[in-house]
Ligand code: 6PG
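Residue numbers (the UniProt record's numbering): 6 to 510.
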């Protein structure tokens, strides 16, 4: 039999996507540079397959892979971002791939690389991209998929992607769980929607990851405040997070944090988290989001701060040294009542900071779309993040509704639901940051979000003084609030009279 899909790259994500595709009735020709990985995927499928028919067929070369596929060939790549994607593309050209064949890149490629690749390979094959979020479990039982590129390719990929994607209940917006091999979910809305032309899908996934960084950092700061500021045990923190996870903070990242905090290290009987070295890793997508926000000129301080927080964590030796030299505040013992109050305030601080981080991410996508000529549907993007992906949360339903109310919404902070939430909770947010500051606990993400919130809601910022400074040393000119917009003024600062002169018109 000829297979429906060719699959290249059988790491954890790749293998699980293969099994997911197989569960949904597609036959796969699978290839990896490591034959062991090919055999492991076949063995795993045999173990989980209840159909009695072979679904995954191993290939030992690119040529064999192409020969096993129905034409036009559809090939999915799950290889690391960067040069491995190009190497596979070149190898497939060498093996005889055809111009109407489709290659889908599911990795976390940098979006500009995707745009360049689509152009570079357009006479050889159609490059389609579809970032995948959800980690290994998502890949196996339903990821969130962000497809983009040729609409012709999307028409072919759509039924496959909608079958394997996570599903949500259309009325409640809640995920429809699928946890067993062989199980498929046909009802519900699939978390796979066409994003736009080449690059748009990878850009959206990059911002998803930037938000993921911010979300994770906000939870980590809350943990830090509870652990070091309030002196709670990991199990007590897990209980608090569990309670929070049943309200507006209900999210996958909160849920896994509860599990992590309850995990003991089997050989020492201490909480595992206490034994994990506090140096964070990163693969680049958060950094790319922060860099893009600077390039586009869209403030995303909470996302950038989350990247900085990972960087500063990696300076372990410096921190150890500084901890013995630099003073923090003298901390006073808190009463049980004060602790309870601070816990409540922290809850609101997390929620408000989270709203700001998402507001930053969505506005960034909006401005980038304008710059690159994409038409992004933000309600649809929020919808496909409601299940399957790492940032999935109840909260995404509120974002979906905000963009459904107003598809041209400039910033989430101007949506009536979020205005109400922020107005109600902003005072607790401030108090929480004050307490953490007086306890010497760094809360870069929580506080950068508050500064963002206060900047956005401040009618007159001190940029008036800044403009005057620029004019003083560099004759950079300024506009005046009492004159028509666009008119430029300058002061002859070196002249005794210091007269303001109009520069143009
Ligand atoms: C996802 C994740 C996934 C991966 C990140 C982690 O959506 O499934 O975002 O893509 O876990 O790349 O990135 P860091 O290693 O940079 O934390």
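Virtual Cβ for every residue (Gly too), placed ideally from N, Cα, C.
Secondary structure note for residue 306: its alpha helix (DSSP H) is the uninterrupted segment 306 to 319. Cβ-Cβ distances below 8 Å link residue 401 to 178, 387, 388, 390, 391 in the same chain, with the five nearest sequence neighbours on each side left out; the list follows chain order. The continuous alpha helix (DSSP H) containing residue 98 extends over residues 88 to 99. When C-beta atoms of the segment 361 to 370 are compared with those of the segment 296 to 305, three or more pairs fall below 8 Å, so the two segments count as touching.
In the three-state scheme derived from DSSP, where H, G and I count as helix and E and B as strand, residue 449 is classed as helix. If you draw a straight line from the Cα of residue 291 to the Cα of residue 304, it comes to about 14 Å. Residue 288 has its Cβ nearer than 6 Å to a heavy atom of the ligand 6PG. Short note on residue 437: C-beta not closer than 6 Å to any heavy atom of the ligand 6PG. DSSP, reduced to helix, strand and coil, places residue 131 within a strand of the structure shown.
Three or more Cβ pairs closer than 8 Å define a contact, and the segment 192 to 209 falls short of that threshold against the segment 414 to 434. Within the segment 337 to 395, the complete alpha helix (DSSP H) segments at least 4 residues long are 341 to 377, 383 to 389, listed from N- to C-terminus. Nearest neighbour of residue 279 by Cα position, chosen from 255, 237, 196, turns out to be 237. Here the segment 213 to 230 does not lie against the segment 169 to 178, with fewer than 3 beta-carbon pairs under 8 Å apart. Within 6 Å of the C-beta of residue 113 there is at least one heavy atom belonging to the ligand 6PG. Within the model, the alpha-carbon separation for residue 252 versus residue 356 is close to 10 Å. Cβ atoms of residue 35 and residue 54 stay farther apart than 8 Å, at about 14 Å. The residues 86, 290, in chain order, have a CB closer than 6 Å to that of residue 113 in the same chain once the five nearest residues on each side in sequence are set aside. In this model, residue 285 and residue 502 are separated by some 57 Å (Cα to Cα).
In this structure residue 197 touches residue 152 by the C-beta definition: roughly 6 Å separates them, less than 8 Å. With fewer than 16 neighbouring CB atoms inside 10 Å of its own CB, residue 157 falls in the exposed class. For residue 61, the enclosing beta strand (DSSP E) begins and ends at 61 to 63. Taking 7 Å as the cut-off, the beta carbon of residue 61 is found closer than this to the beta carbon of residue 33.
The Cβ neighbour count for residue 214, taken over all protein chains shown within 10 Å, is at least 16; the residue is labelled buried. In this structure, the straight-line span from the alpha carbon of residue 144 to that of residue 436 is close to 41 Å. In chain order, 318, 321 place their CB closer than 8 Å to the CB of residue 283, counting only its own chain and leaving out the 5 sequence neighbours on each side. Here residue 168 is near residue 29, since their CB atoms are less than 7 Å apart. Boundaries for residue 6: no alpha helix (DSSP H) harbours it, and the DSSP string shows neither H nor E there. Distance check between residue 480 and each of 489, 496, 467, 486 places 496 closest, using alpha-carbon atoms only. Nearest to residue 408 by alpha-carbon distance, out of 382, 43, 243, is 382. Following the DSSP letters along the chain, one finds residue 82 inside the beta strand (DSSP E) bounded by residues 79 to 82. Burial of residue 430 is indicated by the presence of at least 16 other C-beta atoms within 10 angstroms of its C-beta.
Counted as a single uninterrupted DSSP element, the beta strand (DSSP E) harbouring residue 152 occupies residues 149 to 153.
Look at residue 214: its beta carbon is less than 6 Å from one of the heavy atoms in the ligand 6PG. Linking residue 328 to residue 313 through their CA atoms gives a straight-line distance of about 19 Å.
Selection 498, 79, 105 evaluated against residue 475 yields 498 as nearest (Cα-Cα).
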